[in-house]
Amino acid sequence: MNTLVKHVLTASILSTMMATTAFAAPAETPPAFVKKVADGLISRLKADNAKLQNNPAAVKAIVRQNLDPYIDSQSFTRIVMGTYATNQYSTAAQRAQFESNFRETLIENYGSAFAKFSNQSYSLRPYKETNSKNPVVTMDFNNKGEKIPVSFQLVDKGNQWKIRNINVSGIDLGLQFRNQFASTVKINGGSLDKAIANFQPDADAAINKK
1 MNTLVKHVLT ASILSTMMAT TAFAAPAETP PAFVKKVADG LISRLKADNA
51 KLQNNPAAVK AIVRQNLDPY IDSQSFTRIV MGTYATNQYS TAAQRAQFES
101 NFRETLIENY GSAFAKFSNQ SYSLRPYKET NSKNPVVTMD FNNKGEKIPV
151 SFQLVDKGNQ WKIRNINVSG IDLGLQFRNQ FASTVKINGG SLDKAIANFQ
201 PDADAAINKK
């Protein structure tokens with residue numbers, strides 16, 4: 001085999017391997033991923049329930065360990081910042097600072113929300129394959145006879161599903177947080193730096209607007 005043929009074959013093999021890696025889908029199905037994340041988090045909250053009473057720091061630590069690795073904070077950031085996430089309105093440094101701040105407050109929001117649901121039963125709704133790049137998986141929490149639907153919108157990040165947005169009882173949290181952030185920018189006189197520093201997403205307020 002001459003050198004030219006070897007180079008062509010090598011290039012062809014490498015291209016095939018790179019293409020396969022780039023377009024490979026996550027091994028888990030969307031509902032299996034959501035169930036794994038929910039089971040892992042809620043089982044921890046249940047196991048340590050007695051220790052978590054009036055201990056928000058402990059709840060936050062558990063949520064961080066069991067949920068934070070599966071959140072696509074970059075996508076969430078773009079949703080919440082809206083037009084402010086574009087180069088026309090913000091710098092890369094401002095977006096990075098917003099993402100850092102937002103991730104922290106998001107964990108606190110999730111911590112309080114899941115702590116409320118940790119002693120409730122829950123079930124996954126039948127999943128419909130739509131071939132969407134952002135599949136949605138919905139689970140129902142049974143809260144004293146009332147079903148509370150929580151939908152997780154996913155995205156494939158490097159062959160790993162991650163959560164990019166959440167909908168609770170028909171309320172799109174990403175869009176509600178976007179409205180809250182826009183209001184924060186207005187309150188701070190249009191200063192994006194001040195808005196980023198002062199923004200506190202409030203999931204309870206968003207959900208209770210329904």
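Heads up: the sequence shown is residues 1 to 210, going by our numbering. Note that CB positions come from ideal geometry on N, CA and C, so glycine has one too. The structure presented is a predicted model; accordingly, all values stated were derived computationally and were not measured.
Asked, Found
"Residue span of the beta strand (DSSP E) that contains Asn179, given as start and end", "Here Asn179 belongs to no beta strand (DSSP E); instead the alpha helix (DSSP H) covers Leu173 to Ile187."
"Euclidean distance between Cα positions of Lys194 and Asn188", "6 Å"
"Between the CA atoms of Val136 and Lys35 - distance to the nearest angstrom", "13 Å"
"Cα-Cα separation, Leu9 to Leu52", "Per-residue confidence for Leu9 stands at a pLDDT of 35, beneath the threshold of 50, marking its modelled position as unreliable; the derived number appears in the next sentence. Cα-Cα distance, rounded: 60 Å."
"Inter-stretch contact at 8 Å, needing at least 3 Cβ pairs: the segment 151–167 / the segment 123–141", "yes"
"Residues of its chain near Lys147, where Cβ-Cβ distance is below 6 Å and the 5 sequence neighbours each way are ignored", "Asp140"
"Other residues of its chain near Asp68: CB distance less than 8 Å, five sequence neighbours each side excluded", "Arg103 and Ile107"
"Rounded straight-line distance, which links the Cα of Asn142 to that of Ala50", "21 Å"
"Alpha-carbon spacing of Phe177 relative to Asn159, whole angstroms", "28 Å"
"With 16 other Cβ atoms within 10 Å as the buried cut-off, status of Asp202", "exposed"
"Residues near Val162 by beta carbon distance below 7 Å, same chain, minus five either side", "Correcting the residue identity first, residue 162 is Lys in this sequence and not Val. Excluding residues within five positions, the ones whose Cβ falls inside 7 Å are Tyr70, Ile71, Asp72, Leu154 and Val155."
"Own chain residues within Cβ distance below 7 Å of Ser75, not counting five before or after", "Val155 and Arg164"
"Reduced DSSP secondary structure (H/G/I, E/B, other) of Leu67", "coil"
"Per DSSP, cross-strand counterpart(s) of Leu154", "Ile163"
"Contacts around Arg95, its chain only, beta-carbon distance under 8 Å, and the 5 residues preceding and following it disregarded", "Thr77, Met81 and Ala85"
"8 Å contact criterion, which Val150 and Ile166 should meet: CB distance rounded", "7 Å"
"Between the CA atoms of Thr105 and Thr183 - distance to the nearest angstrom", "Checking the displayed sequence, the identity of residue 183 turns out to be Ser instead of Thr. Cα to Cα, the separation comes out at about 17 Å."
"Residues of its chain near Asn109, where Cβ-Cβ distance is below 7 Å and the 5 sequence neighbours each way are ignored", "Pro201 and Ala203"
"Limits of the unbroken alpha helix (DSSP H) element including Asn198", "Leu192 to Asn198"
"Gly145 versus Leu41: straight-line alpha-carbon distance, rounded", "22 Å"
"Counted within 10 angstroms of its Cβ, other Cβ atoms place Glu129 as buried (16 or more) or exposed", "exposed"
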